[in-house]
Structures are given as structure tokens and as C-alpha cells.
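Report on one structure; see the data block that follows.
In the numbering used here, the protein residues as written are -14 to 180.
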């Protein structure tokens, strides 16, 4: 699980966009961090059974459990901006752009679930009467919220990867944690980190 958030200003008002991800998806060989092909650079730690090659090779041969299934990701986007359901749907669609930045292609068998909600206008539904007043952001002002969603999604997934530990799961397949020292080494190689 990973989280991230961004503060944005829209016409003098400050809002927060937060993202929580539960990710168990994707292909290590496609992993990119800051545009760097990290998965290809750390190719010796691909998922697989000990002594049987990698899960990537097994998947290509059609022998992996489930026939090459790519896992799933659940993403929750939360904001305090006064946006309506159709605008939240537009924000949720931007999640896939954050995923693409780190190399996700949302393969055929990947289960991708994105939801978004706003904490603004909490009392609107409980006001007495047949109508209510609610603050609503104009569609033309949503771009900063979209950018925040993309950036926070990318960072939340990377945070989940950095926090993950090596584990062996079903059918004896081991998925290796992303080694922090080697990640830093690769990012330095591509001039994304100094020192």
C-alpha cells in the first residue's frame, strides 16, 4: 500500500488531492522511475520460482499460474475540492496516466479499479427542504486537480514499491523487493540523483 498527496491552488483557494493505492500488478521489466527503465536495469530480480527462470519467462511460455495474469491495482483518490460526481470521474480517469508514467500498460488481465470522492459540501445532503446549495468548481478550473492526481498516483505507487518486502506467494513464486541501494544506483546512472 502506498500513499501520496498534492496541495493545489485554484484561483486563490487551496485544496488537497490524496491518493491511496493497493498495488499488486504490472510487469517488473516495464518498471520506470523518473523515466528511468529501472526494471530492465535490475533484471536479475524478476519474479519467479527458484531455479525455474522468471515468472515473466513462464508467462510468455503460457506456463505461469493463471496464464500470465498481471495482478490488480485499487486506487482511491480523495479531495476536499468542491467537485461533482462527473468531475470526480474525470479525476479518476487520470489515475491511469500516473500508472503509465511508471511503465504500466494495464494489460488484458490486469484488474484496475479507480474510485474518487470529495469531502466538500458535506452538509448539502442533510439540509432540510427539497433543494440545497452546494459549491461546485467550474470544469475549466480542473486542470490543477488532474495534474495533482497524476503526480500523486505515480508517487503513491513508487512509495508502495519502496515499502514492499520480498515475499514468496502462491505456487512458490517469489517477488523480490525493490532494493533501495540499487534503485539509487540506477537513478544516479541516468542523472536523476546527485551524489
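The C-beta atom is built at its ideal place from N, Cα and C for all residues, glycine as well. No experiment lies behind these values; they were computed from the predicted model shown.
- Sequence-distant Cβ neighbours of residue 60 in its own chain, meaning closer than 6 Å and more than five residues away, are 6, 80 and 99.
- A Cβ-Cβ distance of about 23 Å is found for the pair residue 123 and residue 4, leaving them out of contact under the 8 Å criterion.
- A distance below 7 Å between beta-carbons, with the five flanking residues on each side excluded, links residue 146 to the following residues of its chain, in chain order: 163.
- Put simply, the backbone Cα of residue 24 is about 18 Å away from that of residue 95.
- Judged by beta-carbon spacing, residue 171 lies beyond the 8 Å limit of residue 58, meaning their Cβ atoms are not closer than that value.
- Contact between residue 70 and residue 121 does not hold, since the beta-carbon distance rounds to 11 Å and is not under 8 Å.
- Straight through space, the alpha carbons of residue 153 and residue 12 are spaced by roughly 17 Å.
- In terms of Cβ geometry, residue 2 and residue 137 form a close pair [threshold 8 Å].
- Counting along the chain, no beta strand (DSSP E) covers residue 29, and no H or E run does either.
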